[in-house]
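Visitor: The sequence shown begins at 17 in this note's numbering and counts up by one.
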Amino acid sequence: MGEILLNLVYVLLILAAGAGVMWIVMHFVGHAAPAKREITAIAEQVRSVGKLIGLEVHAKEIATAKKGWSWMPPLVLSQARLAMIFQFEKQYYVDLAAIKQHDIASHGIGHFKIKMPPVLGSLRLLEVKPYDIQQGKMLGLVDVIPMTAERQGALMDEAQNQAAELFDKSDERYQTQAIDSIERHLRSLLGMTGAVVEFIWPVPGGQLGPLETDEPALMKKNALPEGVSA
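This is the structure we're talking about:
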């Protein structure tokens with residue numbers, strides 16, 4: 017019995033030594049292997065736009081994915097782990113190119129009403145930084161649970177959905193702030209000509225009406241007197 021146990025210990029030691037040698041060889045071979053980078057440039061569509069951005073909201077999110085059995089001792093089989101930092105940006109804007117001649121009505125010299133297009137939102141993924149990628153290893157040596165590119169892509173999709181939900185919770189407040197900013201910029205620009213402008217924004221239900229904002233209306237005294245042309 018003692019001889020069998022001794023032989024078993026010898027076998028385990030030989031296997032451990034072989035695994036150690038294999039890990040050392042793979043480690044040095046991996047570092048010594050030549051590296052090659054290839055970058056492919058893709059020409060995107062270029063088009064003219066009339067966006068006036070009223071508000072930009074940034075959010076940073078840390079997402080973590082694990083694969084494996086948490087009840088297994090890490091020395092026997094560790095879990096594959098992927099942690100990434102995502103930075104999102106959502107822009108709230110109006111498309112000024114959507115404003116047509118019939119959307120502008122004159123109410124006396126220097127007084128105008130403009131029917132504005134709806135405020136739109138565009139969510140973009142600005143940056144992705146993986147800061148912890150670990151493969152699932154058996155005995156701390158052999159990779160048995162890889163963290164594949166497919167899993168990384170799925171994690172990115174999950175993070176983007178969570179970011180969209182985060183923005184949606186405050187979407188109404190952000191849209192109001194965007195309208196304040198857009199009106200402020202347009203009034204500043206049009207006020208240089210002495211024009212008094214009332215903006216008519218779309219409201220829920222598809223109707224149009226003035227929207228309450230924090231931006232005060234331009235004082236009528238800045239308008240051109242009647243009978244005086246610009």
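Glycine included, each C-beta is placed from N, C-alpha and C at the ideal position.
(1) What do you get for residue 140, buried or exposed, if any count of 16 or more other CB atoms within 10 angstroms of its CB means buried?
(2) Quick one: residues in its chain with C-beta nearer than 6 angstroms to the C-beta of residue 12, no 5 flanking neighbours on either side, listed in chain order?
(3) Counting along the chain, where does the alpha helix (DSSP H) carrying residue 201 start and finish?
(4) Measuring CA to CA, which of 210, 123 and 133 is closest to residue 67?
(5) With a threshold of 16 other CB atoms inside 10 Å of the CB of residue 197, please say whether the residue is buried or exposed.
(6) Which first and last residues belong to the beta strand (DSSP E) in which residue 101 is found?
(7) Put residue 70 into one of helix, strand or coil per three-state DSSP.
(8) Go through its chain and collect everything with a Cβ distance to residue 80's Cβ below 6 angstroms, but skip five positions before and after it.
(9) Residue 165 to residue 102, Cα distance in whole Å?
(10) With a 10 Å radius around its C-beta and 16 neighbouring C-beta atoms as the bar for buried, classify residue 219 as buried or exposed.
(11) Going straight from the alpha carbon of residue 10 to that of residue 203, what length do you get?
(12) Quick check on this structure: which residue in 205, 114, 199 and 175 has the alpha carbon closest to the alpha carbon of residue 215?
(13) If you follow the beta strand (DSSP E) that residue 131 is part of, which residue opens it and which one closes it?
(14) Beta strand (DSSP E) containing residue 121: first to last residue?
(15) What did DSSP end up calling residue 115 once you bin it into helix, strand or coil?
(16) Buried or exposed for residue 78, please, with buried defined as at least 16 other CB atoms from any protein chain shown within 10 angstroms of its CB.
(17) Which class does residue 169 belong to by DSSP, given the choice of helix, strand or coil?
(18) Measuring CA to CA, which of 146, 135, 148 and 126 is closest to residue 210?
(19) When burial is assigned at 16 or more other CB atoms within 10 Å of the CB, is residue 117 buried or exposed?
(20) At the level of alpha carbons, what is the spacing between residue 74 and residue 124?
(21) My assumption, with CB atoms under 8 angstroms, is that residue 105 sits in contact with residue 142. Please give the rounded CB distance.
(22) Just curious, the beta strand (DSSP E) that residue 212 is in, first and last residue?
Guide: Taking the coordinates as given:
(1) exposed
(2) Residue numbering for the chain in the displayed model covers 17 to 246; residue 12 lies beyond these limits and cannot be assessed.
(3) 187-207
(4) 133
(5) Burial is judged here by how many other beta carbons sit within 10 angstroms of a residue's own beta carbon; residue 197 has at least 16 and is buried.
(6) 96-111
(7) In the structure shown, residue 70 sits in a strand (DSSP, three-state: E or B).
(8) 99
(9) 16 angstroms
(10) exposed
(11) Because the chain spans 17 through 246 in this model, residue 10 falls outside it and cannot be assessed.
(12) 199
(13) 127-131
(14) 120-122
(15) coil
(16) exposed
(17) helix
(18) 126
(19) Classification of residue 117: exposed, given that the 10 Å Cβ count is below 16.
(20) 42 angstroms
(21) 5 angstroms
(22) 212-218
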